[in-house]
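Numbering (this note's numbering), first residue to last: 91 to 831.
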């Protein structure tokens, strides 16, 4: 084919990429959300369109109207109303909106995989005729390419006129500049946001329908293809429609023109991959070249403090109660992790993935939960760790001799550290959406140019691990995984406690403030990137040995998005949450059909608007609420008279027939806490008596004054008698206070 023919062939793909970019820009400029769900929505609509035409026998024109005029905008309206409007009204950070869009992506992927499976379909219908017309002599161009190019022009003109000449355009600019101020001025911000979502998802659905006939219809493949078109919005710096359109056409034509060149050897292999993956390479290059994206607001979508499920670690000694609770929690977690050793062999093998996946999740806790950096490419580091481990174990790594599997695993993980450092160096100079997209692009490039290439990843075999010449059986291998997990937990603990932990949290919560007080922000971020990559690589090696094979799909770019979303859902800065997330995903995959874990994580991610900090934060908040309610119920109120206060606090002997529970072995008045039930109340059981005593004792140990209780704050003492009583408030008996900072 001539150069002109190749250029005309690339116009079709360029026009589709332009439509996708326009949809992303419209959603972002009207809502401030970089819609990572664009690919999932496009795939879902494409599958529904194919179902209506191929399976139900509907005419193409009718199926297109239903898909593009009903289904696609309906998805956008539902997302805006149920997911993103609550986030906007509580002024959630851009990072939370980004994670919510990832949750929608995961949810749509789970729905598509659950309904239609993970197989590829080659019979997707086209809404435009597969014909060509003659232009400029013998040059022919497809009707579909011309129609798609015309759609791009129409959308650009219409959107430009709406933005510049209509009242709606002025309202959009007002909402973009300051949503709250626009609402105070009478602008219907919710309607503007809903219109933006409806238009954006409609263009996403159109993108999926147009791409499906040109490529195989596959849930993961088509979704990733749409996400790779984010290169056009990066070139447009999230602002300019004309630049996005020209960039899309330019990259697509250049990718088509590359097909007329061929090379031999390793260079030829790499060049062949480049011919079909120019968009993802352009995305990475543009992210490294473009100085800064024009992000809305303060542009700080990298601030992940809203994902925190707990505060800073204590800097001093903790109370005996806190220490006992910590020890009991660790013992309980260890018991749960050791429980699979009692399982049947088949169930034990299914549990192999839990410690391996937990290590990968712990790497995200280090990077996102502690240092506040959004990383969407963790699967790349995990896959490199697995690949290096197998090559070292097989003696296929630059002439090195074979290394026993266990030592190859640790050495392979350490070899990923320089890669984490090198990739982290340019990434630390970027924040927010730029950082998130950069890490995603790095993971996608590694997957396409390394994992999917036969020259790098073929011929690898996995032998059972051996230790001092003895092969590890299933129980021994699982115990070895637990040892690796313990090492990862130790690393996480050392990064979270002490001066280093407080410095990392300062960088996470406010980078400029941390730098102002002398924190070495750059080196701390590099340290987090490097250690995180090593922990992820170790987890990747365990994943490969757990599955007894190296599978490219285990480390696909979309896996990074799923894993990141799961970690955020279960608590970004919680090591326990990372382990629970791993167990949750593995259990769902074992007990339910394939793809169910993706669907479950997506559903949980949509609830982040109502539970900031993830599930672990919600659990801690629930426990604290129950404790407050119990304390408020059974600790004396300041508005009781002196006689009642004496009865409740047990200053002397128990005066009520309800019985009393004492906290303190000495039982001396003034140093012990007594809880006496009201007259006529049934006698508590032994457990109930111990519970009431524990609540009162804990309140006393905390040094809590009665006036700080919710019942006191809710009461009104307007009368003079109430004021007199307030002057003689009873306080809890003075007990030694033992608590950390």
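Positions of the beta carbon are idealized from the N, C-alpha and C atoms, including for glycine. Note that this is a predicted model, so its numbers are computed, not measured.
Asked: Inter-stretch contact at 8 Å, needing at least 3 Cβ pairs: the stretch 287-306 / the stretch 155-173; Found: yes
Asked: CA-to-CA distance, residue 497 to residue 503, given in whole angstroms; Found: 10 Å
Asked: Coarse secondary structure for residue 221, derived from DSSP in three states; Found: coil
Asked: Distance, residue 123 Cα to residue 139 Cα; Found: 26 Å
Asked: DSSP-derived helix/strand/coil call for residue 739; Found: Legend: pLDDT at residue 739 = 46, less than 50; position of this residue unreliable, value from coordinates given subsequently. Residue state, collapsed to three classes: helix.
Asked: Contact check, residue 555 vs residue 185, beta carbons under 8 Å; Found: no
Asked: Cβ-based neighbour list, residue 117, same chain, cut-off 7 Å, excluding 5 preceding and 5 following; Found: 123, 125, 286, 287, 290
Asked: Reduced DSSP secondary structure (H/G/I, E/B, other) of residue 557; Found: strand
Asked: Continuous alpha helix (DSSP H) stretch holding residue 589: start and end; Found: 588-599
Asked: Alpha helix (DSSP H) segment containing residue 230, residue limits; Found: From DSSP, residue 230 is part of no alpha helix (DSSP H) but of the beta strand (DSSP E) over 229-232.
Asked: Contacting residues, own chain, Cβ-Cβ under 8 Å from residue 154 (five flanking each side not counted); Found: 139, 217, 299
Asked: Given 8 Å, three or more beta-carbon pairs between the stretch 603-617 and the stretch 562-577; Found: no
Asked: Residue burial classification, residue 524 (beta-carbon count within 10 angstroms, cutoff 16); Found: buried
Asked: Euclidean distance between Cα positions of residue 744 and residue 775; Found: Since pLDDT at residue 744 reaches only 39, below the 50 mark, its modelled position is unreliable, and the value read off the structure follows with that caveat. Distance between the alpha carbons of residue 744 and residue 775: 17 Å.
Asked: Alpha helix (DSSP H) segments (min. 4 residues) lying fully within the stretch 570-658; Found: 588-599, 601-606, 611-637
Asked: Option in 565, 462, 485, 633 with minimal Cα separation from residue 604; Found: 462
Asked: Separation of residue 666 from residue 582, as counted between CA atoms; Found: 11 Å
Asked: Where residue 562 sits in the DSSP three-state scheme; Found: coil
Asked: Complete runs of the alpha helix (DSSP H) confined to the stretch 268-325 [at least 4 residues]; Found: 269-274, 279-301, 309-318, 320-325
Asked: Residue 592 versus residue 585: straight-line alpha-carbon distance, rounded; Found: 9 Å
Asked: Exposure label - residue 563; buried when at least 16 CB within 10 Å; Found: exposed
Asked: Rounded C-alpha distance that separates residue 109 from residue 551; Found: 43 Å
Asked: The stretch 317-327 touching the stretch 369-385, judged by at least three CB pairs closer than 8 Å; Found: yes
Asked: 3-residue-minimum beta strand (DSSP E) runs that sit fully inside the stretch 421-499, ordered along the chain; Found: none
Asked: Cβ contact check for the stretch 530-538 and the stretch 637-657: 3 or more pairs under 8 Å; Found: yes
Asked: Simplified DSSP assignment, three categories, for residue 88; Found: In this structure the chain extends from 91 to 831, so residue 88 is not present and cannot be described.
Asked: DSSP state of residue 385 mapped onto helix, strand, coil; Found: coil
Asked: Straight-line gap, residue 326 to residue 470 (C-alpha atoms, nearest Å); Found: 27 Å
Asked: Alpha-carbon to alpha-carbon, residue 602 and residue 214; Found: 51 Å
Asked: Straight-line gap, residue 727 to residue 782 (C-alpha atoms, nearest Å); Found: Reliability fails at residue 727, whose pLDDT of 49 lies under 50, so the model's placement of it is uncertain and no value is given.
Asked: DSSP state of residue 121 mapped onto helix, strand, coil; Found: helix
Asked: Alpha-carbon spacing of residue 630 relative to residue 112, whole angstroms; Found: 37 Å
Asked: Proximal residues to residue 636 (C-beta, below 7 Å), its chain only, five neighbours per side dropped; Found: 442, 443, 446
Asked: CA-to-CA distance, residue 232 to residue 197, given in whole angstroms; Found: 35 Å
Asked: Residue range of the unbroken alpha helix (DSSP H) whose run includes residue 202; Found: 184-206
Asked: Range covered by the alpha helix (DSSP H) that runs through residue 547; Found: 544-547
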